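To keep things clear, I will list the structure first and then write my remarks on it.
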Amino acid sequence: MARDNFSKNTIDILAKRVSYICSNPTCKKITVGSNNIDNKSTIIGVAAHITAAASGGPRFNESLTAEQRSNINNGIWLCSNCASLIDKDANKYSVEILNEWKNQAEKNSAQNLKGYTRNNITGTPFLEVDLININSGRYNQGYSDNNPTEIIDGTSFYTISNKPIIHWEIEWRFNLVIINNSSYPAYNIQIESIGTDHFNYMAKLNKVNNLKPFQRIDLASKFTINLEGISTEADEVLKKLIPEKLKDLTLAITYLDEERKEHCTLMKIVNGEVFNEKIT
Numbered sequence: 000m001a002r003d004n005f006s007k008n009t010i011d012i013l014a015k016r017v018s019y020i021c022s023n024p025t026c027k028k029i030t031v032g033s034n035n036i037d038n039k040s041t042i043i044g045v046a047a048h049i050t051a052a053a054s055g056g057p058r059f060n061e062s063l064t065a066e067q068r069s070n071i072n073n074g075i076w077l078c079s080n081c082a083s084l085i086d087k088d089a090n091k092y093s094v095e096i097l098n099e100w101k102n103q104a105e106k107n108s109a110q111n112l113k114g115y116t117r118n119n120i121t122g123t124p125f126l127e128v129d130l131i132n133i134n135s136g137r138y139n140q141g142y143s144d145n146n147p148t149e150i151i152d153g154t155s156f157y158t159i160s161n162k163p164i165i166h167w168e169i170e171w172r173f174n175l176v177i178i179n180n181s182s183y184p185a186y187n188i189q190i191e192s193i194g195t196d197h198f199n200y201m202a203k204l205n206k207v208n209n210l211k212p213f214q215r216i217d218l219a220s221k222f223t224i225n226l227e228g229i230s231t232e233a234d235e236v237l238k239k240l241i242p243e244k245l246k247d248l249t250l251a252i253t254y255l256d257e258e259r260k261e262h263c264t265l266m267k268i269v270n271g272e273v274f275n276e277k278i279t
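Quick note on numbering: numbering that gives the first Met the number 0 labels position 128 of the sequence shown as 127, and the sequence is numbered without any gaps.
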């Protein structure tokens with residue numbers, strides 16, 4: 000399948016709309032400069048596709064037409080290093096994140112044209128959430144009544160085999176990491192669990208809080224289930240870094256920007272992986 004590449008004019012406009020500065024807010028590398036040859040300049044920027052230019056590429060959207068894939072709305076200006084980074088880790092750098100980078104970079108460029116300093120610009124924070132498995136384990140809570148028994152002198156005793164049936168408490172411990180992946184602070188962060196799947200325990204945020212740009216908050220979290228079975232059955236359950244019973248976990252993370260406008264990021268568990276979606 001042919002690639003739906005950008006035209007030279009589209010590439011030129013993408014670069015100029017962000018003043019030839021990488022749109023990744025943690026990079027912001029200047030991508031154009033002088034060359035040793037007097038009548039030449041050096042450009043290390045790339046007009047990267049937000050959704051891939053061809054089938055099989057990162058974030059490919061089969062519903063788009065060829066014209067839409069090569070449209071300026073599907074492009075973001077990045078340094079060559081960040082352009083490679085977003086394609087090698089496409090799950091982390093989603094369409095939503097790249098559009099957020101692009102919109103903010105263009106906004107900053109427009110503000111700079113008006114002579115505003117960085118402190119004059121009010122931007123939109125973007126929080127992402129990750130779930131890191133710290134450890135897990137099984138804890139013997141006693142023998143099950145389903146173990147075979149025998150009666151000796153009128154008294155019933157368990158007949159304990161090499162694989163006794165045990166009441167297990169199985170526990171996973173996590174760090175729920177909230178990351179401010181933007182150049183702007185987030186205020187009064189709140190977390191709400193939506194649906195039927197919940198942690199058994201999660202450390203609480205202070206009622207009044209803020210998260211500075213590119214900083215993180217770690218919240219200790221725990222999930223526990225009870226299982227009646229032999230040890231190998233408990234070990235099989237423990238193989239999953241995120242337990243099966245959290246497969247539909249959804250957290251709504253709400254927060255305010257500097258103008259007190261509310262924003263929300265949804266963290267979802269899908270097939271054992273963590274996904275983020277900014278909805279406001």
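All C-beta atoms in this analysis are idealised placements derived from N, C-alpha and C, irrespective of residue type, glycine included.
Just so you know, these numbers come straight off a predicted model, no measurement behind them.
Check: Is it a yes or a no for the segment 124-141 touching the segment 198-207, going by three-plus beta-carbon pairs under 8 Å?
Finding: no
Next item on the list: To the nearest angstrom, report how far apart S220 and I177 are at their CA atoms.
Entry: In the sequence shown, the residue the question calls residue 220 occupies position 221. In the sequence shown, the residue the question calls residue 177 occupies position 178. Roughly 13 Å between the two C-alpha positions.
Next item on the list: Tell me whether A65 is buried or exposed, calling it buried when 16 or more other Cβ atoms sit within 10 Å of its Cβ.
Entry: Within the sequence shown, the letter at position 66 stands for residue 65. A65 should be labelled exposed.
Check: Contact check, S135 vs E170 under 8 Å by CB: the rounded distance?
Finding: Here residue 135 refers to the residue found at position 136 of the sequence shown. Here residue 170 refers to the residue found at position 171 of the sequence shown. About 6 Å separates the two Cβ atoms, so the contact holds.
Next item on the list: Helix, strand or coil for T9, going by three-state DSSP, please let me know.
Entry: By 1-based counting over the sequence shown, the position of residue 9 is 10. The answer is helix: DSSP assigns T9 an H, G or I state.
Note to self: If I follow the unbroken beta strand (DSSP E) through Q110, where does it start and stop?
What the structure shows: As a working note, residue 110 is residue 111 in the sequence shown. No beta strand (DSSP E) holds Q110; the alpha helix (DSSP H) holding it covers 94-112.
Next item on the list: Report the three-state DSSP secondary structure of R172 (helix, strand or coil).
Entry: The residue you call residue 172 lines up with position 173 of the sequence shown. Note: R172 maps to strand in three-state DSSP.
Checklist line | Reference T41, options R68, Y200, G32, A47, closest by Cα | finding: Here the question's residue 41 lines up with position 42 in the sequence shown. Checked all of R68, Y200, G32, A47; the closest Cα to T41 is G32.
Next item on the list: Using 10 angstroms around the beta-carbon of R52, count the other beta-carbons present and answer buried if the total reaches 16, otherwise exposed.
Entry: Taking the sequence shown and counting its residues from 1, one reaches residue 52 at position 53. For the sequence presented, residue 52 should be read as Ala rather than Arg. Flag for A52 reads buried.
Note to self: For a quick check, are the C-beta atoms of A109 and I75 less than 8 Å apart?
What the structure shows: Numbered from 1 along the sequence shown, position 110 holds the residue referred to as residue 109. Numbered from 1 along the sequence shown, position 76 holds the residue referred to as residue 75. Cβ distance not < 8 Å, so A109 and I75 don't count as in contact.
Check: Taking C-alpha atoms, which residue in T264, T123, K113, D3 lies nearest to S192?
Finding: The residue labelled residue 192 in the question sits at position 193 within the sequence shown. Ranking T264, T123, K113, D3 by Cα distance to S192 puts T264 first.
Note to self: Rounded to whole angstroms, what is the Cα-Cα separation between I12 and F274?
What the structure shows: For the purposes of this step, residue 12 is identified with residue 13 of the sequence shown, where counting begins at 1. For the purposes of this step, residue 274 is identified with residue 275 of the sequence shown, where counting begins at 1. Those two C-alpha atoms are separated by around 32 Å.
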